[in-house]
DNA sequence: TATTGATCATAT
DNA sequence: ATATGATCAATA
């Protein structure tokens with residue numbers, strides 16, 4: 041049995057190997073190895089699973105706007121799945137701010153920067169299963185191929201275009217085939233300054249980019265098929 | 001019951 | 001305030 045946190049990986053492959061070492065463990069076992077208490081449910085600890093895996097794999101703990109493993113250029117994402125291994129939730133990627141609209145280039149966007157290389161770690165997320173009993177699944181590295189990148193880019197350009205033009209009334213979670221824009225804030229009443237379609241100052245609720253569950257479901261299936 | 005909109009904790 | 005980590009829960 042190795043000690044935790046695991047040694048710092050020097051390559052994405054090593055990181056994948058480290059994540060593979062954790063696969064199969066129950067969250068309670070992993071938390072115990074790290075000396076971290078497990079919450080009874082995730083209602084008041086929504087980021088528990090993600091933070092637990094970050095600590096186990098030695099991610100540089102911070103809230104900076106950079107990948108979890110800066111030296112490797114790898115982003116770590118946990119993926120809640122049901123007993124059959126199907127995705128239960130969408131995946132938050134990053135916030136969409138007015139000032140980011142200056143960056144209209146896909147290649148330099150925060151979204152693409154985060155999704156270039158992702159280490160996905162499936163974790164049982166069925167609410168009826170106690171958090172400590174949930175198991176960590178087999179991890180896999182994902183670098184979007186040309187097709188996937190084109191699909192995401194198309195959605196991103198549609199959504200950013202509406203944001204940039206201040207079409208806030210037209211925005212909703214219904215837009216985007218694989219990527220969507222949804223509220224991302226502490227409270228539904230949270231507001232931030234923006235410019236509407238007439239250039240007038242308005243207050244709007246903060247939003248973030250999310251990958252739809254059916255998109256991550258497809259990644260998971262492709263991985264399981266071994267391609 | 002799948003999905004959209006709302007929300008929670010913590011660090012900086 | 002806004003970034004990180006997401007899941008909860010009301011609605012369609």
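Numbering (this note's numbering), first residue to last: 41 to 267. Idealized CB from N, CA, C, for every residue including glycine. Source: prediction; values computed, not measured.
Report task. Give the secondary structure of residue 154 by DSSP, where H, G and I count as helix, E and B as strand, and everything else as coil. Result -> helix
Requested in this report: Determine, using beta carbons only, whether residue 131 and residue 112 come nearer to each other than 8 Å.
Outcome: no
Query raised in the report: Are residue 116 and residue 94 touching if we call contact CB-CB under 8 Å?
Result: yes
Query raised in the report: Which residue's Cα is closest to the Cα of residue 225: 136, 60 and 215?
Result: 136
Query raised in the report: Looking at C-alpha atoms only, which residue of 90, 42 and 97 is the closest neighbour of residue 50?
Result: 97
Query raised in the report: Of all the options 266, 56, 69 and 147, which has the alpha carbon lying nearest to the alpha carbon of residue 44?
Result: 69
Query raised in the report: Measuring CA to CA, which of 250, 172 and 183 is closest to residue 218?
Result: 250
Query raised in the report: Considering only residues of the stretch 105 to 183, which uninterrupted alpha helix (DSSP H) runs meet the minimum length of 4 residues and lie entirely inside it, listed in chain order?
Result: 150 to 155
Query - Unbroken beta strand (DSSP E) run spanning residue 65, endpoints - result: Residue 65 -> no beta strand (DSSP E), and no H or E assigned at all.
Query - Inter-residue spacing [alpha-carbon to alpha-carbon] between residue 126 and residue 257 - result: 6 Å
Requested in this report: Take every Cβ of the stretch 230 to 244, pair it with every Cβ of the stretch 194 to 214, and state whether three or more of those distances are shorter than 8 Å.
Outcome: yes
Report task. Could you round the C-beta distance between residue 107 and residue 154 to whole angstroms and report it? I think they count as a contact, below 8 Å. Result -> 7 Å
Requested in this report: Identify the continuous alpha helix (DSSP H) that holds residue 193 and give its terminal residues.
Outcome: 186 to 204
Query raised in the report: So, using beta-carbon positions, are residue 223 and residue 232 closer together than 8 Å?
Result: no
Query raised in the report: Beta-carbon separation of residue 171 and residue 80 under 8 Å?
Result: yes
Requested in this report: Would you mind stating whether residue 59 and residue 200 have Cβ atoms separated by less than 8 Å?
Outcome: no
Query raised in the report: Where does residue 84 fall in DSSP's three states?
Result: coil
**Report entry** As assigned by DSSP and simplified to three states, the class of residue 208
**Finding:** helix
Report task. Can you tell me which of the three DSSP states residue 61 falls into? Result -> helix
Query raised in the report: Taking the alpha-carbon positions, what's the residue 56 to residue 63 distance?
Result: 10 Å
Query - For residue 215, the three-state DSSP class (helix, strand or coil) - result: coil
Query raised in the report: According to DSSP, is residue 46 helix, strand or coil?
Result: coil
Report task. Compute the distance between the beta-carbons of residue 176 and residue 65, then report whether it is under 8 Å. Result -> yes
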